[in-house]
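S.K.: In the numbering used here, the protein residues as written are 41 to 179.
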C-alpha cells in the first residue's frame, strides 16, 4: 500500500498545480483503504496564527481520502460532503498523522473518516467525515 500511495502522491505533486502541496506528505503505514500519512507543518501550510490552515486540512482530507480509495483498486471519486471538527491547532514544526479509514465503499458512494493527530502526543487535531461519489458522471 505504501509504494502505491507514494506513487500516486508523486504524480499529483508533479503536476505543478495546487496538488504540489502534497510533496510534503509521506505515506507511513496502513492497509488498502486505510492509509496513514505523515506531514511536518511548515510555514507554507500555516495561517496568520502560525497554525495549520483549516482550508489545507480540508484539502488534505479530500486528496488523501482519494489516494486511500485508489489503494482499494477503485477509481477516485469526488468529495460531495466534508464534515469537519476543528479540535485543536497544529503549530508550525509539529508533525501530524493523517489517518484515513474507509468505512463503506458502495456501488456509487464512498464513506470515509479521517483523523488528523499530533504524531508526538497522539492528540486529535481534526476529525473529518467524508462522502465521495465514486461515479463522477452521476453528479
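Ideal placement from N, C-alpha and C gives every residue a C-beta, glycine not left out.
Tell me which residues share the same chain as residue 48 and place their Cβ nearer than 7 angstroms to its Cβ, disregarding the 5 neighbours each side in the sequence.
M.R.: Residue mapping note: residue 48 aligns to position 8 of the chain shown, counting from 1. Taken in chain order, the residues that qualify are 107 and 110.
S.K.: May I have the straight-line CA-CA distance separating residue 160 from residue 56, to the nearest angstrom?
M.R.: In the chain shown, the residue the question calls residue 160 occupies position 120. In the chain shown, the residue the question calls residue 56 occupies position 16. For residue 160 and residue 56, the distance between alpha carbons rounds to 31 angstroms.
S.K.: Any idea which residues DSSP pairs residue 131 with across the strands?
M.R.: Taking the first residue of the chain shown as 1, we reach residue 131 at position 91. Note: residue 131 sits in a beta bridge opposite 91.
S.K.: Within 8 angstroms of any Cβ in chain C, is that where the Cβ of residue 82 sits?
M.R.: Among the chains in the structure shown there is no chain C, since it carries only a single protein chain.
S.K.: Using the C-alpha atoms, what's the distance from residue 95 back to residue 125?
M.R.: By 1-based counting over the chain shown, the position of residue 125 is 85. By 1-based counting over the chain shown, the position of residue 95 is 55. Distance between the alpha carbons of residue 125 and residue 95: 12 angstroms.
S.K.: May I have the straight-line CA-CA distance separating residue 91 from residue 135, to the nearest angstrom?
M.R.: Within the chain shown, numbered from 1, the residue matching residue 91 stands at position 51. Within the chain shown, numbered from 1, the residue matching residue 135 stands at position 95. Straight-line Cα distance between these residues: approximately 12 angstroms.
S.K.: Would residue 152 pass as a contact of residue 112 if the rule is Cβ separation under 8 angstroms?
M.R.: Position 112 of the chain shown, counting from 1, holds the residue named residue 152. Position 72 of the chain shown, counting from 1, holds the residue named residue 112. It is not a contact, given that the beta carbons lie outside the stated cut-off.
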